[in-house]
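S.K.: When the letters of the sequence shown are read in order and numbered with the working numbering, they come out as residues 312 to 590.
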Amino acid sequence: MGKLFGLIGHPVSHSMSPSMHNDAFRNLDVDHHYQAFDVKGEDLEAAISGIRALGIKGFNVTIPHKVNVMKFLDEVDEEAKLIGAVNTVVNKDGKLIGYNTDGEGYLQSLLKVTGQELQQMKTLIIGAGGAARAVFTVLSRYGVSELDIANRTNEKAAILASECNCGQADVEVLSIEEAGERLNEYDLIINTTSVGMSPHTDHLPIHLKNLKKATVVSDLIYNPLKTKLLLEAEGKGATILNGVGMFVEQGALAFEKWTGVAPDRHNMENIVLKQLGGF
Ligand code: NAP
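#1: Enumerate in chain order the residues of its own chain whose CB-to-CB distance from A461 is below 6 angstroms, with the five nearest sequence positions on each side excluded.
#2: Say the cut is 7 angstroms; is the CB of V506 nearer than that to a heavy atom of the ligand NAP?
#3: Looking at the ligand NAP, does it come within less than 7 angstroms of L499, judged from the CB to the closest heavy atom?
#4: Using a threshold of 8 angstroms, state whether the C-beta atoms of L515 and A544 are closer than that.
#5: From which residue to which residue does the beta strand (DSSP E) around Q346 run?
#6: Please identify the residue among G507, K467, D388 and N411 whose C-alpha is closest to the C-alpha of S553.
#7: Can you give me the Cβ contacts of Q430 inside the same chain, cut-off strictly under 8 angstroms, excluding the 5 residues immediately before and after it?
#8: At a cut-off of 7 angstroms, would you count I517 as near the ligand NAP, judging by its Cβ distance to the nearest heavy atom?
#9: With a cut-off of 8 angstroms on the beta carbons, I'd call K368 and N402 a contact; round off their distance for me.
#10: Ignore the nearest five residues each way along the sequence and tell me which others in S451's own chain have a CB closer than 7 angstroms to its CB.
#11: Let me make sure I understand the geometry here. Which of D340, A347, D513 and K524 has the alpha-carbon closest to that of S328?
#12: Would you kindly work out how many angstroms separate the C-alpha atoms of N398 and L315, rounded to a whole number?
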């Protein structure tokens with residue numbers, strides 16, 4: 312009999328996860344199904360009880376539940392604890408175990424662009440929210456030795472730096488203005504804020520006047536596929552990376568945790584790009 316998987320969040324109506332996972336199930340020739348459930352904050356505990364009662368085998372968690380869901384799970388893996396958020400849950404014989412595949416998904420997509428040189432790349436992370444925590448944690452674990460953070464709210468960046476530095480990177484916390492002035496120091500710049508996301512596509516998270524040509528500029532946003540940050544960086548000769556690779560990888564890693572099988576990432580990416588109008 313087919314098994315049920317899902318996504319909980321609010322809102323979820325525009326999520327690309329159902330089509331991506333259902334296509335991957337079809338390709339495996341199994342009768343499983345992935346369903347998005349719109350769950351409001353006050354209903355989260357009841358939704359988790361429902362998941363247990365219905366025997367849903369695994370699910371993703373998105374905004375606004377990635378932090379709050381942790382208290383309703385039976386176990387949370389070490390990296391998800393460090394990040395402070397869960398985006399993937401496996402139902403193992405009735406026990407709900409939480410993971411975070413956002414960070415590792417980002418790392419895998421980034422390595423395709425940087426290769427092993429990543430460790431030596433002086434890196435600036437813009438933002439200090441949930442996505443920034445995931446990115447900072449995996450880059451520090453991977454051994455990136457210089458890892459600076461700039462955020463609108465300075466205190467959040469300082470907390471992130473003290474809680475997530477598992478690899479003992481050299482870290483400086485800067486204001487957005489300071490980071491902009493010193494932009495030519497960085498080999499890799501990562502926007503983890505929502506600045507530039509549709510419909511506010513004319514916004515920039517940082518000024519690029521001091522960007523050096525050989526820099527890799529990465530934006531976690533995938534809608535639009537090229538944010539203003541990426542368009543301007545590309546115009547200045549930088550190598551750019553959007554958030555599609557991260558989205559596909561985090562989903563593929565979740566799929567592997569649920570089924571033990573590696574899905575076809577290329578197919579998954581095509582589905583996502585089609586939905587985003589990238590074809
Ligand atoms: P979050 O926890 O709410 O954090 C938002 C971050 O953006 C904070 O650093 C916040 O700064 C900053 N920010 C928001 N509005 C701003 C503004 N007007 N000016 C300056 N800074 C602003 O959100 P999140 O979960 O980290 O998600 C952030 C982005 O990553 C979203 O665009 C999301 O779509 C993207 N994302 C992509 C993937 C993927 O698979 N590609 C996965 C996860 C997230 P303050 O701390 O000062 O509020």
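Glycine included, C-beta positions come from ideal geometry on N, C-alpha and C.
M.R.: Inspection of the coordinates gives the following:
#1: I437, L485, I487 and A490
#2: yes
#3: no
#4: no
#5: H344 to D349
#6: It should be pointed out that residue 553 corresponds to Asn in this sequence rather than to Ser. The candidate whose alpha carbon is nearest that of N553 is G507.
#7: Closer than 8 angstroms at Cβ, skipping near neighbours: Y453, G454, V455 and S456.
#8: no
#9: 5 angstroms
#10: L458, C475, N476, C477, G478 and A480
#11: A347
#12: 17 angstroms
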